[in-house]
Amino acid sequence: MNTLILGIGNPILTDDGVGIKIAQRLKEGNPELEMIETSEAGITLLDLIVGYKRLIIIDSIKTEKGKPGDLYKLELGHLKPSKDFSSSHGIGIATAFELGQRMGYSMPKFVSIYAVNIKNNSTFGEECTEALKERIPFIAKQIIEEERL
4 MNTLILGIGN PILTDDGVGI KIAQRLKEGN PELEMIETSE AGITLLDLIV GYKRLIIIDS
64 IKTEKGKPGD LYKLELGHLK PSKDFSSSHG IGIATAFELG QRMGYSMPKF VSIYAVNIKN
124 NSTFGEECTE ALKERIPFIA KQIIEEERL
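FYI, the numbering for the sequence shown is 4 to 152, going by my numbering.
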(Lines of atoms letter the chains of each structure in order from A and count residues from 1; the text may use other names and numbers.)
(Lines give C-alpha, C1' and ligand atoms only; values in the text may rest on other atoms or scores of the structure.)
Protein backbone atom coordinates (compact mmCIF):
# COMPACT_ATOMS: atom_id res chain seq x y z
CA MET A 1 0.00 0.00 0.00
CA ASN A 2 1.55 3.32 -0.98
CA THR A 3 1.54 5.69 1.97
CA LEU A 4 2.12 9.44 2.02
CA ILE A 5 3.21 11.25 5.17
CA LEU A 6 2.15 14.89 4.79
CA GLY A 7 3.84 17.27 7.22
CA ILE A 8 2.03 20.60 7.27
CA GLY A 9 3.21 23.86 8.83
CA ASN A 10 5.27 26.98 8.50
CA PRO A 11 8.88 26.09 9.32
CA ILE A 12 9.80 29.69 10.21
CA LEU A 13 7.04 30.25 12.80
CA THR A 14 8.45 28.32 15.77
CA ASP A 15 5.91 25.66 16.84
CA ASP A 16 3.85 25.91 13.64
CA GLY A 17 6.49 23.80 11.89
CA VAL A 18 6.05 20.82 14.23
CA GLY A 19 4.08 18.81 11.65
CA ILE A 20 7.02 19.03 9.27
CA LYS A 21 9.56 18.16 11.96
CA ILE A 22 7.61 15.06 13.00
CA ALA A 23 7.15 13.99 9.36
CA GLN A 24 10.92 14.31 8.85
CA ARG A 25 11.52 12.11 11.88
CA LEU A 26 9.10 9.47 10.57
CA LYS A 27 10.92 9.48 7.24
CA GLU A 28 14.31 9.07 8.96
CA GLY A 29 13.14 5.84 10.58
CA ASN A 30 11.29 4.60 7.48
CA PRO A 31 13.19 5.68 4.34
CA GLU A 32 10.77 3.75 2.11
CA LEU A 33 7.90 6.05 3.11
CA GLU A 34 7.02 8.94 0.87
CA MET A 35 6.97 12.24 2.72
CA ILE A 36 6.04 15.73 1.60
CA GLU A 37 6.57 18.93 3.58
CA THR A 38 4.18 21.76 2.83
CA SER A 39 2.78 25.00 4.14
CA GLU A 40 -0.16 24.68 1.76
CA ALA A 41 -3.69 24.02 2.99
CA GLY A 42 -7.17 23.23 1.74
CA ILE A 43 -7.76 22.65 -1.95
CA THR A 44 -4.09 23.07 -2.86
CA LEU A 45 -3.39 19.80 -1.02
CA LEU A 46 -5.26 17.84 -3.70
CA ASP A 47 -2.31 17.90 -6.08
CA LEU A 48 -0.13 16.39 -3.35
CA ILE A 49 -2.39 13.57 -2.14
CA VAL A 50 -4.02 12.22 -5.30
CA GLY A 51 -3.01 8.67 -6.18
CA TYR A 52 -2.03 7.48 -2.71
CA LYS A 53 -3.93 4.69 -0.96
CA ARG A 54 -3.07 5.87 2.55
CA LEU A 55 -2.53 9.40 3.85
CA ILE A 56 -1.16 10.45 7.22
CA ILE A 57 -1.41 14.19 7.87
CA ILE A 58 0.52 15.82 10.70
CA ASP A 59 -0.25 19.45 11.54
CA SER A 60 -0.35 21.78 14.52
CA ILE A 61 -3.31 22.96 16.53
CA LYS A 62 -3.55 25.57 19.27
CA THR A 63 -6.11 24.87 21.96
CA GLU A 64 -6.95 26.75 25.14
CA LYS A 65 -6.60 23.84 27.53
CA GLY A 66 -4.06 21.60 25.81
CA LYS A 67 -0.39 21.41 26.65
CA PRO A 68 2.39 21.65 24.07
CA GLY A 69 2.86 18.21 22.57
CA ASP A 70 -0.61 16.87 23.30
CA LEU A 71 -1.51 14.69 20.32
CA TYR A 72 -5.01 14.42 18.89
CA LYS A 73 -5.97 11.89 16.24
CA LEU A 74 -8.81 12.99 13.99
CA GLU A 75 -10.65 10.92 11.43
CA LEU A 76 -11.60 12.53 8.14
CA GLY A 77 -15.14 11.21 8.54
CA HIS A 78 -15.54 13.20 11.76
CA LEU A 79 -14.72 16.50 10.06
CA LYS A 80 -17.58 18.27 8.38
CA PRO A 81 -17.04 19.72 4.92
CA SER A 82 -17.89 23.39 4.67
CA LYS A 83 -21.00 24.12 2.65
CA ASP A 84 -20.46 27.86 2.57
CA PHE A 85 -17.14 29.44 1.67
CA SER A 86 -16.41 32.70 -0.07
CA SER A 87 -12.93 31.86 -1.36
CA SER A 88 -10.60 28.92 -1.84
CA HIS A 89 -8.70 30.06 1.27
CA GLY A 90 -11.62 28.98 3.46
CA ILE A 91 -11.58 25.38 2.29
CA GLY A 92 -10.49 22.87 4.93
CA ILE A 93 -9.17 19.36 4.37
CA ALA A 94 -12.63 17.75 4.64
CA THR A 95 -14.06 20.04 1.97
CA ALA A 96 -11.01 19.62 -0.28
CA PHE A 97 -11.25 15.85 0.09
CA GLU A 98 -14.95 15.86 -0.81
CA LEU A 99 -14.27 18.07 -3.86
CA GLY A 100 -11.52 15.69 -4.99
CA GLN A 101 -13.90 12.74 -4.76
CA ARG A 102 -16.63 14.59 -6.64
CA MET A 103 -14.17 15.50 -9.39
CA GLY A 104 -13.26 11.83 -9.78
CA TYR A 105 -9.73 12.03 -8.40
CA SER A 106 -8.13 8.89 -7.01
CA MET A 107 -8.25 9.94 -3.35
CA PRO A 108 -6.64 8.04 -0.46
CA LYS A 109 -8.94 5.42 1.04
CA PHE A 110 -7.28 5.47 4.47
CA VAL A 111 -6.72 8.87 6.07
CA SER A 112 -5.36 9.68 9.53
CA ILE A 113 -5.00 13.25 10.73
CA TYR A 114 -2.76 14.06 13.68
CA ALA A 115 -2.95 17.47 15.34
CA VAL A 116 -0.15 18.42 17.73
CA ASN A 117 -0.99 21.06 20.31
CA ILE A 118 1.42 23.99 20.18
CA LYS A 119 2.23 27.03 22.28
CA ASN A 120 3.64 29.60 19.86
CA ASN A 121 2.83 30.08 16.18
CA SER A 122 3.42 33.81 15.92
CA THR A 123 7.14 34.24 16.64
CA PHE A 124 9.67 33.91 13.85
CA GLY A 125 12.11 31.09 14.46
CA GLU A 126 13.09 27.78 12.90
CA GLU A 127 13.10 25.83 16.17
CA CYS A 128 10.10 24.76 18.22
CA THR A 129 9.75 25.96 21.79
CA GLU A 130 11.62 23.77 24.29
CA ALA A 131 8.51 22.14 25.76
CA LEU A 132 7.38 21.02 22.30
CA LYS A 133 10.85 20.12 21.01
CA GLU A 134 11.27 17.67 23.90
CA ARG A 135 8.02 15.92 22.93
CA ILE A 136 8.77 15.40 19.22
CA PRO A 137 10.50 11.99 19.59
CA PHE A 138 7.66 10.69 21.78
CA ILE A 139 4.99 11.99 19.37
CA ALA A 140 6.77 10.39 16.40
CA LYS A 141 6.90 7.08 18.30
CA GLN A 142 3.18 7.32 19.09
CA ILE A 143 2.34 7.82 15.41
CA ILE A 144 4.64 4.97 14.34
CA GLU A 145 2.91 2.63 16.78
CA GLU A 146 -0.62 3.81 15.98
CA GLU A 147 -0.10 3.59 12.21
CA ARG A 148 2.12 0.49 12.33
CA LEU A 149 4.83 2.15 10.25
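Backbone N, C-alpha and C fix where the C-beta goes; we use that ideal spot for every residue, glycine too.
- Residues ASP18, ASN120, ILE121, LYS122, THR132, ALA134, LEU135 and ARG138 of the same chain have their beta carbon placed closer than 8 Å to that of PRO71, with the five preceding and five following residues left out of the count.
- Cα atoms of LYS24 and ALA99: separation of roughly 24 Å, rounded to the nearest angstrom.
- Per DSSP, ALA118 is one residue of the beta strand (DSSP E) stretching across 113 to 120.
- MET38 has ILE8 as its beta-bridge partners, per DSSP.
- The beta carbon of TYR55 sits closer than 8 Å to those of ASN5, THR6, LEU7, GLU37 and PRO111, all from its chain and outside the five residues before and after it, given in chain order.
- In this structure, THR41 is the residue among ARG28, THR41 and LEU9 with its C-alpha nearest to the C-alpha of ILE15.
- Here ARG138 carries a helix assignment [DSSP, helix/strand/coil].
- The beta carbons of GLN27 and LEU74 sit no closer together than 8 Å.
- Contact check for GLU150 against ILE59 passes: the beta carbons are separated by less than 8 Å.
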